[in-house]
Each structure stands twice: as C-alpha cells, then as structure tokens.
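Enquirer: Sending over a structure as structure tokens; questions will come in a sec.
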Amino acid sequence: MSTTTFDSSAVAAPTPLITPPPMAAEEKLTKKALTADHPTWCPGCGDFAVLAAFYKVLEKLQYPHEKIVCVAGIGCSSRFPYFMNTHGIHFIHGRAIPLATGISLSRPDVHVFVFGGDGDGFSIGGNHLNHAARKNIKLTYVIMDNFVYGLTKKQTSPTSPQGFKSKTDPIGSIDRPINPMKQLLASGATFIARTHAAQVKHMVDTFERAIKHDGFSVVECLSECIMFYEGSFDDSWPKKGGAFEIIDETQHDVKDDVAAFKLADLPSPGKFGVFYDVDRPTKNALEQKWIDDTQAKLAGTSQKDLLKKRLEMMR
Amino acid sequence: MSTATAPSTSSSTTLRNAVIRLAGNSQDGIQSIGGILARLAGRTQQDVVTYMTIPSTISGGPSIFQLHLGSGEVLHAGDDSDVLVAFYQHSYDSHISALREGGICFYDSGEVTGLKNERGIHHIGIPFTAATVEAIGGSARDRGKNIFVLGLLCAVFQLDKEKVTGILSRQFGKKDESVLRNALLAFDAGFAYPIGDITTFNFEEGEHKDANRISTDGNTIMTLGLIAAGVRYGSAYPITPWSSIMETLRSELPRYGGLYVQAEDELAAVSMTIGAAYAGHLAVTGSAGPGLSLKMEALSYASMAEIPLIVINVQRGGPSTGLPTSVEQSDLMQAIYGSHGDCPRIVLAPKDVEDCFYIALEAGKLARQYSCPVIILSDQALSSRIEAFTEPDLDKHWVEPTLDLSDRGADFKPYPLDGVTHHAPPGTKMAGKYPHVTGLEHDEWGHPSGNPKMHQKMTEKRRNKLVSLSQKLPLPEIYGDQEGDLLLIGWGSTFGPIKESVNRLRAEGHKVGAAHLRHLHPMPAHLDRLWAKFKDVAIVELNDSGMYGYGQLATILRGAYAEPKIQSICKTDGLTFRIREIVTGVEKIMSNH
Ligand SMILES: Cc1ncc(C[n+]2csc(CCOP(=O)(O)OP(=O)(O)O)c2C)c(N)n1
Ligand code: SF4
Ligand SMILES: [Mg+2]
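Protein chains in written order, with the numbering used here: chain A, 1 to 315; chain B, 1001 to 1593.
Structure below.
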C-alpha cells in the first residue's frame, strides 16, 4: 500500500487516467493474448462457455494485462487459472476466497478474479464465503455451479437437489440443498447475480456488471457437468425446452434485499440476472483510510525512526 | 541471595542476585509491579528473568510473578525464592515451600493468619490492604496494594526510588490525574512502612554497561523484529499465548503502511497470508499448537508452490486445548513433519527473549532466500517473561520492505530446476507466458505435470535447497567443557536453565558442555562433530519421552545420526526447567556407566 517501498526498478507506471498512450498492437488484450493451456475439461462441459465469456469481458474491459490475477481452489471448475494467460494461482480446496482476500487487501492495484465450484465455495469453503461477503472484500467471484462434485466423480454437493442419485447417495440425496442466492444475501454480499453457461450474452453482461461493482461481487453460473449430471439445467435452457427467465429490473429493485429474498424463493429453475446490488464501503477502503489517517499523524517520520522510537520506549 | 544471611539487625547487605516471588490473584496487579521491577533492572544495568503463571479463566485466580534480578548474567527465573510476598492465605500455603531456608516472607497480615514456623524463615506481617486504604483513602479498597508492595520492595532492596516513580508516572500518567496520585500515595506508604528490625539489601552495581538496555517480553520483541524484518502484512486468528503478537501487529502495522487482518479461522488466516505473500509481500501468520494443526494443509501447499512465508507457533501445553497457559515444547515434530507429503520447510527456535527479535529477522531473510515457509517455535514461557537486554541496533538490522515488480524476460520460469524460485507477483509485466503458481506437481513453467521423473526432480529440488542451507549453517558453539563427560543439547527457551546447569555441574567437578540449536530444520550439517568428544549426550526438552524413551528432538537426532549415546531429559509438568531437575537428570545418566 501507500508506503510500501517499491524496488526502484520495479515502480509500475501509474495507470494513465485520461489519454492512454496508443497501445502497440500486441499489447491489446485479445482472446489470443489471454489464451493459455487448452482446457482439460470434458468435451461438452459447461465450463468452456464460462471461459469464453470471461475472455470476452476482459477484451471489453482492456485492463492492463499484468494487473489481472485469477485465483481458484480445487475442482474441475477451479482449473480455470491454467487456461488464462494471466497471473494465476491454483490453491487448495475451499480456500480460494481467503487467498484472494490476501491479494486484494495488500495489492489495491490488481484486479482479483476467483473461480470455483459449488463444493469448493458452498461446502468446504462455506465459512470463508460468509466472512468475505460481510467484510465486502473487493473482488469478483464466479461460482460455476453444476450441482455435483465433478472432479471427484459424482458425489452429492451442497446444491444437489433432493433425490439426486450420486455415489454417496445411491438412493437419492436426502439433504435439503442450500439456496445460493439466499445464503449470499444473508451473509452480506453487496453484488449477487445468477447466470447460465448456455446464455453467453447474459453471462458476459452479468460478469461485466459484477466486475465493475466496487465490492464483493458474486455470480452463480449454472454450468452443466456433462459427465456426472447431464441435463441438470435443461429446465432453464430454451434449446432443451426450458425457460430462461430474466429478472425485470423495472419491477425488481436491486437495492431491496427483501425483494431479492422473494425472488430467490421462486421454484426451480427460478430467474436469472442481478438479485442484489448495493454500495457499501469495502474493507479495502476502510482499512486504507485507517492507514492513511494513521500516517497523516506521523508527519513523515521514516519507518525506521518509528521503530527506533518504539524500542526506546522500552528502555 | 547468595551472599545474604538471615537478617537480624538493621544493617544493609550487598548482594548479586535475588529471587522474588509475588503470589496473589491475577487481578491484584502483581504482573504489573513485576513488570515495573523488571524494567527497572534494565535501567540499572542489571539482568532479569521473570516467570509468571496466569490462570486460564478470565475471572482470575491464583497467580504468581517471579523475578530473578542480578548484577551479572541471569539465566533463569530461579528455583527457590529468597523473598516471598504472599497476598492471601492460599498464596502463602502454596508457595512457602518454594521459599529457601532462611528466606523472608512478607505477608498481608489482614489475610494470612496461619504461619508455618519452619526452616528459619523470617515472617514479616504487614497489612498491605489496610495500609493501602489508609494511604489512598476513600473507596480505594484493595486497589493499589500492588503499588504499596512495590514501594515496600523498593525500600527493602534499596532500589532507585526516583527511577521507579519515573516508570510509575509514565505508566499511570496517561490516565486520569487521580490515578497517578493514588499510585504515588500507595507507593510512598509502602516505601515508608516501618518494617522494623530487618536488614535491607542493596545490589552490587549492574555489570551491563551498554548504554541502551531495554526490558520486555518475548512476544513484544518478536513483533518488533517482524517489523524490522520488513513484514507488513498477514492474518491470524486469536489463541493464547499467540494473540498479543497479532494484536500488536494489528495496531502497529498501519503506522508502517501495512495491514494485519483478523481472519474467521486459522485456515483462512494462513490462506490470506499466502495471498499476501504471493502478492509479493513478506507476510506472517501465527498461532499456538491447535491453530498450527489447522494450517497444515496450506503449509504443504506453500512448500509445493514455493511461497515465502513466516509462521509463528507460540507453543503451549498440549494435546488439544491442553494447558493453554503453560509451557511445553511438544510441537517440534508437528512443525517439521506435520503436513501431508514431503514438504520441506524451515523451523527455527529463539533461545531467549532477546533472540526473539533476531530469529524474526532471520526468518524473514530465509523465507525470501529459500522461498518456502519458515516456522518459528516460540513458547508460552518466552512469550510472557520479561528480560533485559541491549536494544537492537536498527541501523544495522533494518530491512526495507520491497515489492519486486520488475519486468520478467521471456525466459522466466517460476520453478527452475537449476535455481531457486523467486515468483513474479501479480502486477509484473511478463515478456513471455504469465506464470501459474500451483500446488499440483508441475514443470518448470508451473504447468501441472504427472510425469514421474518430474515429480522426483521437483521433490529433490525442494529438498536440496534446504540441504544447501544446512551446509551453510554454522555449528553451534559449545558452552563450558569442549570435551568430557556429557554434552547437553537444548532448543528454545531452555537455553538459560541449561547454561546455569552447566555452571553448577562444572562447579561440582563434572566435565560438561552445552550446545543450543536455533535451527531445528534443517539443522546445521555435521552435528555429530559436537558430541564426538563426549561420553554422553543428553537432549533437554519440555516434551514427553514417548513410546521409546526419547523426546522429540532426541528422536530426530538419534534417527539422523544412529547415535546410541543420545539420551533424553524430558518433562511435561507445564513449568520451565528448574536447575536441579536438569542437574539430577545429568547425574542419573552419568551414573549409568
Ligand atoms: C482438503 C481436500 N478435501 C477433498 C478434496 C477432494 N476434492 C477435490 S475437488 C472436490 C469437489 C469438487 O466439487 P466442486 O467444488 O463442485 O467442483 P467441480 O469439480 O464440480 O467443478 C473434492 C471433494 C481435496 N482436493 N482437498
Ligand atoms: S467432470 Fe463434469 S465438471 Fe468436470 S470437466 Fe467433466 S463435465 Fe466438466
Ligand atoms: Mg461442482
């Protein structure tokens, strides 16, 4: 942050505010520049479409290439960072959110994106999701929800519907699934949306709004696991005979959490779009204010002298 | 009081050492006056080692604060005390046996009624409570009787009254004016209290002539060491006896442009810290044993992904919630081996309070140099005890925090097989491919790789960087005899008691030496050279001797060197080693021949 001393050789040029210098052709953030390893997902996996949509959003936003960082835990969906030619870190199961929190709070200059599955986010990482949401950490989190554990080959997930037959529920799941929208509303996330991997334009628009939100933005993206839960989202896929119903924001006030709760209560497949979007100071901003106020009182004393004085007090 | 004899006349005796034990309840403020006396020692060129027990309940309970003051080197908090100050009957009953023969017991005559007239102990009854109330007046009740006792001790030991009241003024002056006034009234009342026919003492002039001596506890100085090392970020979850480090970092770091975050649990704490480290900062997390266990999965990740990171474990009695406010060194195996997979990491342990500063500095350097987790094993005794030592020279030790975002060339590899990993944090412009940091086994570019040869090579790479560190580490010096009957080896806070035990054993005519390990993993290479010329080796540690009769460090050393002469002196009573326990242990090992 402000006073961390940067290597003189390493000082990043300040981000130009008004007229960016004309970019050399190869610096433009294209899909080609963003593409890395070929995805290892099964052919037909919904996650391919999420990746394609994310390329599109980044092409639109044109952030400096080096300022983008993709973070993930463990799962099929969590392989995402390998397929992005950006800074990326593939962490452990369920802890991507706290890892991303560490990046976000200590590096206000980078854009932090987190990707993962329903098990990673709502089960093993569930507690972290609650706390990052209430603290309003500045980052964007895309949960690729396939209602199943894909990587470990078909166990029940916290979003699997009752009756879903998996290797751990041979007679069909008996536990009530969580309702992701309600859970996120209750935990205090400031931007909550729902989209569908078969709806590329909707995904791109939703991601863009999420990314531009100043705070903790979460998008649940229904993304079919063709291997272990085929047909899971047909009921919201027009091509398969379902209905993809978008929230009408002239009728739904995205600042009204009670209305958002009601929307979240609609029977499956529910509606898609932005459920909730409010402004609340981020932890990033509040902490920075504390740092700035503290330093203002120190009248430019060097850090070394501060510590010297602290030691002298113990004489 | 090695030179003091039983007081009978009003005279003054000069002494080099004194052990004072204050026994009361935790809410009586005995820690606070103990702290003031310890700070005074630092200001008068003396040495001091303190020791305290704290009840683990908030509402308080019996508690002691023991100070060992001395004009020369003081290495331990003292076995038996020379002076006991008993605030209650229960304090008297529990601690009179720890008062040496002919020692002096000051007791609150309004509280203590049953005295044991034994072993030539001199009892001096003073109504601490009543006299304090009388001095302060009004509704003071028993608040301030600790300061009364401070005044009393000042008079008995002819301590520098001006310096003590100076410290009092600094401590209480910030509060409401009446607080300081009452404190000074209580102090004067204690100082002037007619104790009658008793000798007073004065300390020989302190031998520590260095100008800047500070006195503080291990957690505080370790925290400041972290800041000096360039640590500006991190996250943790509260647990005794670690909490005070995170509390201090939380309130201090904004002054240095940094930030410390209280996480929802230890798994989040270590993950946030790895996040800050991946982002390019030097970062620290910490806990006690139970929390370290929770961090283990992420620590294996940090070994695999080669993330530099400092992890502090202030050990306490275990397993489980165990003895949360007692000392133990039973997390060594956990620190070295406690994660899944082969996950080399560095483990260090400070030997005394002063060393807590330097170990933090070293941890910062090693983490960055070897790009791996560095665990510091402190313990409950070091965390809270106060020692006086030379103020660290920041002009020499200060490390300016850096964030290296310099452009990386097209040949940049995050995991070079022939070099050490130095990650390119986000924000770094890459001429070639952007790097992926990963916990999957990977090739040099960070691509996941299940190739058997690659896993073998990368495992060797991660191991060999620490093997090379072990070859660079100097062998610890041997204190005392360089060859002979027995070599004592210790680690962590047992340093002082072991050294003092060597002094005693040598005075008894034994040929004994001691070596202390600060680097526990990797250890310096060729440790066997240390004990080659000794008949026996005894590893002194505060943990259990286990299934096979050896403590944790002894087990590792026996395994590494297949050396049958390595024996163990272990205990797990939650207390620091007494000198006589080590001496007896050594004599027992030597008598086996
Ligand atoms: C600590 C830990 N526990 C369990 C696992 C095994 N595991 C890996 S991914 C996963 C669940 C993946 O499901 P989800 O998060 O929904 O991702 P998906 O594969 O469906 O995209 C599990 C249980 C692990 N890697 N680490
Ligand atoms: S197992 Fe399912 S989630 Fe995983 S890659 Fe295959 S289709 Fe996608
Ligand atoms: Mg899933």
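Virtual Cβ for every residue (Gly too), placed ideally from N, Cα, C.
(1) Just to confirm the assignment, what range does the alpha helix (DSSP H) spanning residue 1503 (chain B) have?
(2) Would you kindly check if the distance between the Cβ of residue 1417 (chain B) and the Cβ of residue 1444 (chain B) is under 7 Å?
(3) Could you tell me whether the segment 254 to 266 of chain A touches the segment 201 to 218 of chain A, where touching means 3 or more Cβ pairs closer than 8 Å?
(4) Express the C-alpha separation of residue 1307 (chain B) and residue 1276 (chain B) in angstroms, rounding to a whole number.
(5) Find out if the Cβ-Cβ distance for the pair residue 106 (chain A), residue 1233 (chain B) is shorter than 7 Å.
(6) According to DSSP, simplified to helix, strand and coil, what is residue 1535 (chain B)?
(7) From residue 225 (chain A) to residue 237 (chain A), what does the alpha carbon distance come to, in whole angstroms?
(8) Is it buried or exposed, residue 174 (chain A), if we count other Cβ atoms within 10 angstroms and call 16 or more buried?
(9) When you compare the segment 81 to 89 of chain A with the segment 37 to 54 of chain A, are there three or more beta-carbon pairs, one atom per stretch, that lie closer than 8 Å?
(10) Could you tell me which of B:1436, B:1195, B:1177, B:1391 sits nearest to residue 316 (chain A), measuring between CA atoms?
(11) Does residue 1467 (chain B) pass the burial test, meaning 16 or more other C-beta atoms within 10 Å, or should it be called exposed?
(12) For the 8 Å Cβ check, are there 3 or more pairs between the segment 1065 to 1079 of chain B and the segment 1410 to 1425 of chain B?
(13) In the DSSP assignment, find the alpha helix (DSSP H) that holds residue 964 (chain B) and state where it starts and stops.
(14) What residues from the segment 1445 to 1469 of chain B come within 9 Å of chain C, judged by C-beta to C-beta, listed N to C?
(15) Can you tell which of B:1060, B:1125, B:1433, B:1108 has the C-alpha that lies nearest to the C-alpha of residue 88 (chain A)?
(16) Using three-state DSSP, classify residue 27 (chain A) as helix, strand or coil.
(17) Using the three-state DSSP reduction, which class does residue 1217 (chain B) fall into: helix, strand or coil?
(18) Measure the alpha-carbon distance for residue 1106 (chain B) versus residue 1083 (chain B) and round it to whole angstroms.
(19) What whole-angstrom Cβ distance do residue 1568 (chain B) and residue 1539 (chain B) have, given they're in contact under 8 Å?
(20) Please go through the same chain and pick out, in chain order, the residues whose beta-carbon is closer than 7 Å to the beta-carbon of residue 1109 (chain B), but skip the five residues on each side of it.
(21) Here's the rule: buried if 16 or more other CB atoms are within 10 angstroms of the residue's CB, otherwise exposed. What is residue 1548 (chain B)?
(22) So, at 8 Å on beta carbons, what are the nonlocal neighbours of residue 1476 (chain B) in its own chain, with the 5 sequence-adjacent residues on each side left out?
(23) Under 9 Å Cβ-Cβ, which residues of chain A neighbour residue 1043 (chain B)?
(24) Would you report the Cα separation of residue 1183 (chain B) and residue 181 (chain A), rounded to the nearest angstrom?
(25) From the DSSP output, which residues share a beta bridge with residue 141 (chain A)?
(26) Tell me whether residue 1317 (chain B) sits in a helix, a strand or coil according to DSSP, three-state version.
(27) List, in chain order, every chain A residue whose beta-carbon is nearer than 7 Å to that of residue 1392 (chain B).
(28) Using the C-alpha atoms, what's the distance from residue 1070 (chain B) back to residue 1481 (chain B)?
(29) Could you run through the segment 49 to 80 of chain A and flag, in chain order, every residue whose CB is less than 7 Å away from some CB of chain B?
(30) Under the rule that 16 or more other beta-carbon atoms within 10 Å means buried, what is residue 230 (chain A), buried or exposed?
(31) Residue 25 (chain A): buried (16+ other C-beta within 10 angstroms of its C-beta) or exposed?
(32) Between which two residues does the beta strand (DSSP E) harbouring residue 972 (chain B) extend?
(33) Mapping DSSP to helix, strand and coil, what is residue 1592 (chain B)?
(34) Assign residue 1411 (chain B) to one of two classes, buried (16 or more other C-beta atoms within 10 Å of its C-beta) or exposed (fewer than that).
(35) Are residue 1235 (chain B) and residue 1199 (chain B) touching if we call contact CB-CB under 7 Å?
(36) What first and last residue would you give for the alpha helix (DSSP H) that runs through residue 1467 (chain B)?
Expert: The short version:
(1) Here the alpha helix (DSSP H) through residue 1503 (chain B) covers 1495 to 1507.
(2) Yes, they are a contact pair.
(3) Contact fails: fewer than three Cβ-Cβ distances are below 8 Å.
(4) Going from the Cα of residue 1276 (chain B) to the Cα of residue 1307 (chain B) covers about 10 Å.
(5) A contact, by the Cβ cut-off of 7 Å.
(6) Strand, per DSSP.
(7) For residue 225 (chain A) and residue 237 (chain A), the distance between alpha carbons rounds to 14 Å.
(8) Answer is exposed; the Cβ neighbour count stays below 16.
(9) Taking 8 Å as the limit for Cβ pairs, the verdict is that the segment 37 to 54 of chain A does touch the segment 81 to 89 of chain A.
(10) Limits of chain A in this structure are 1 at one end and 315 at the other, which puts residue 316 (chain A) out of reach.
(11) Result: exposed.
(12) Judged by Cβ distances under 8 Å, the segment 1065 to 1079 of chain B makes no contact with the segment 1410 to 1425 of chain B, as fewer than three pairs qualify.
(13) Nothing can be reported for residue 964 (chain B): it is not among the residues displayed for chain B, which extend from 1001 to 1593.
(14) The chain inventory of the structure shown lacks chain C, comprising the protein chains A and B.
(15) For residue 88 (chain A), the closest C-alpha among the options B:1060, B:1125, B:1433, B:1108 is that of B:1433.
(16) Residue 27 (chain A) falls in the helix class under three-state DSSP.
(17) Of the three classes helix, strand and coil, the one that applies to residue 1217 (chain B) here is strand, per DSSP.
(18) The straight-line gap separating the alpha-carbon atoms of residue 1106 (chain B) and residue 1083 (chain B) is approximately 8 Å.
(19) Confirmed, Cβ separation roughly 5 Å.
(20) A distance below 7 Å between beta-carbons, with the five flanking residues on each side excluded, links residue 1109 (chain B) to the following residues of its chain, in chain order: 1125, 1126, 1127.
(21) Exposed: under 16 other Cβ atoms inside 10 Å.
(22) 1515, 1516, 1517, 1518, 1524, 1530, listed in sequence order.
(23) 315, listed in chain order.
(24) For residue 1183 (chain B) and residue 181 (chain A), the distance between alpha carbons rounds to 59 Å.
(25) In the DSSP assignment, residue 141 (chain A) forms a beta bridge with A:114, A:218.
(26) Of the three classes helix, strand and coil, the one that applies to residue 1317 (chain B) here is strand, per DSSP.
(27) For residue 1392 (chain B), the residues of chain A that pass the 7 Å Cβ criterion are 311, in the order they occur in the chain.
(28) Cα to Cα, residue 1481 (chain B) sits roughly 25 Å from residue 1070 (chain B).
(29) So the close ones are 66, 67, 69.
(30) It is exposed - the Cβ of residue 230 (chain A) has fewer than 16 other Cβ atoms within 10 Å.
(31) Summary for residue 25 (chain A): the model assigns pLDDT 46, below 50, so the residue's position carries little reliability; its value from the coordinates is reported in the next sentence. Result: exposed.
(32) Because chain B in this structure spans residues 1001 to 1593, residue 972 (chain B) falls outside the shown range and cannot be described.
(33) Residue state, collapsed to three classes: coil.
(34) It is exposed - the Cβ of residue 1411 (chain B) has fewer than 16 other Cβ atoms within 10 Å.
(35) No, the pair does not count as a contact, with Cβ atoms beyond the cut-off.
(36) 1452 to 1472 is the extent of the alpha helix (DSSP H) around residue 1467 (chain B).
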